[in-house]
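So the structure is just underneath, and the comments pick up after that.
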Amino acid sequence: MQSNVALKPEAAIRLHVGIIMDGNGRWATRRGLSRLRGHEAGVEAIRRIVEAAPDQGVGTLTLYAFSSDNWRRPKAEVAALMGLLRFYLANEIAALVRNGVRLTVIGRRDRLPDGIAAAITRAEAETAGGTTLHLRIAIDYSARDAILNAAARAAGAGELSRETFADLITGEAGLRDVDLIIRTSGEKRLSDFLLWEGAYAELHFTERMWPEFDADDLADALGSFHRRERRFGGLTAIAPAEVPNL
3 MQSNVALKPE AAIRLHVGII MDGNGRWATR RGLSRLRGHE AGVEAIRRIV
53 EAAPDQGVGT LTLYAFSSDN WRRPKAEVAA LMGLLRFYLA NEIAALVRNG
103 VRLTVIGRRD RLPDGIAAAI TRAEAETAGG TTLHLRIAID YSARDAILNA
153 AARAAGAGEL SRETFADLIT GEAGLRDVDL IIRTSGEKRL SDFLLWEGAY
203 AELHFTERMW PEFDADDLAD ALGSFHRRER RFGGLTAIAP AEVPNL
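Start counting the sequence shown at 3; every next residue gets the next number (this note's numbering).
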């Protein structure tokens, strides 16, 4: 599905948007479906948003797919989620390449089931030339762990700048800080997601469950972001001294 939302002038900024994709299980339960069906519907929502994001001025999209804490879920559900990840890596890469989407995966890979880490590496290599959208998927991810690991690598390195330390956290030089973090399903927590990169991000919480989320919902969140940015003269990636006294 392609978004019919017109590209606004400010969208040329090519924002970095992070999404906590929450509510798959509750969406399914309310419909008398299995939680697996909810996660399958969540993959369909990923397709919609990946297609819609570039036309709405998003240059980088980071999706929270599986946190380090999610290993505590029932084994059957974790196995199903890993199966969906295998399916995505096997069946979506050609479409990503066709649409100019570069895929990278952040988080640990050493705890993933056999074959998935290798499939991720292949997918990243095959999509490396994409320039329309940078799609980052967080799997076995913890922002606290990312910061802790960066601190360990930086030990003994001498004086560090914020930019250098950010590169250690993200694993990517010059990655734009997060402008907007969206969480679906009505929950209002960051849940260990992009704590460094999202230090000055606008937060947008919606009651919509992730399987329901579509291009219009993304446009609503971005519209709210741009209205607030214009109202306060721009709050994106600014230093604490520049924050207005609200």
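All C-beta atoms, glycine included, are put in the ideal place defined by N, C-alpha and C. Values in this document were obtained by computation on a predicted structure and should not be read as measured data.
- Within the model, the alpha-carbon separation for Ile171 versus Arg39 is close to 34 Å.
- Under the DSSP definition of a beta bridge, Val60 partners with Leu17.
- Ile141 is the residue among Arg75, Gly27, Ile141 and Lys77 whose C-alpha sits nearest the C-alpha of Thr64.
- In this structure, Ser226 sits near Glu204, with a CB-CB distance shorter than 9 Å.
- Contact between Leu135 and Ala221 fails: their C-beta atoms lie close to 16 Å from each other, not under 8 Å.
- Residues Leu162, Phe167 and Leu170 of the same chain have their beta carbon placed closer than 7 Å to that of Ala156, with the five preceding and five following residues left out of the count.
- For Ala140, the enclosing beta strand (DSSP E) covers residues Leu135 to Tyr143.
- If you look at Phe207, you'll find it in the beta strand (DSSP E) that goes Glu204 to Phe207.
- Cα atoms of Ser193 and Thr123: separation of roughly 26 Å, rounded to the nearest angstrom.
- For Leu98, no beta strand (DSSP E) encloses it; the enclosing alpha helix (DSSP H) starts and ends at Ile95 to Arg100.
- Within the model, the alpha-carbon separation for Val99 versus Leu105 is close to 9 Å.
- Taking the Cα positions, Leu196 is about 9 Å away from Ala148.
- In the DSSP assignment, Thr106 falls outside any alpha helix (DSSP H) and within the unbroken beta strand (DSSP E) covering Val103 to Ile108.
- Boundaries of the alpha helix (DSSP H) around Arg164: Arg164 to Thr172.
- Annotation: the continuous alpha helix (DSSP H) that includes Arg230 extends over Ala217 to Arg233.
- If you draw a straight line from the Cα of Phe207 to the Cα of His228, it comes to about 15 Å.
- Closest by C-alpha distance to Ala82, out of Gly59, Gly173, Val45 and Thr133, is Val45.
- Using a 10 angstroms sphere on the CB of Ala30, the tally of other CB atoms reaches 16 or more, which defines it as buried.
- Uninterrupted beta strand (DSSP E) stretches at least 3 residues long and entirely within the region 19-80 occur at 60-69, given in chain order.
- If the five residues before and after Arg110 are omitted, its C-beta is found closer than 6 Å to the C-beta atoms of Asp142, all from its own chain and listed in chain order.
- Taking all protein chains in view, the Cβ of Thr186 is crowded by 16 or more other Cβ atoms within 10 Å, so the residue is classified as buried.
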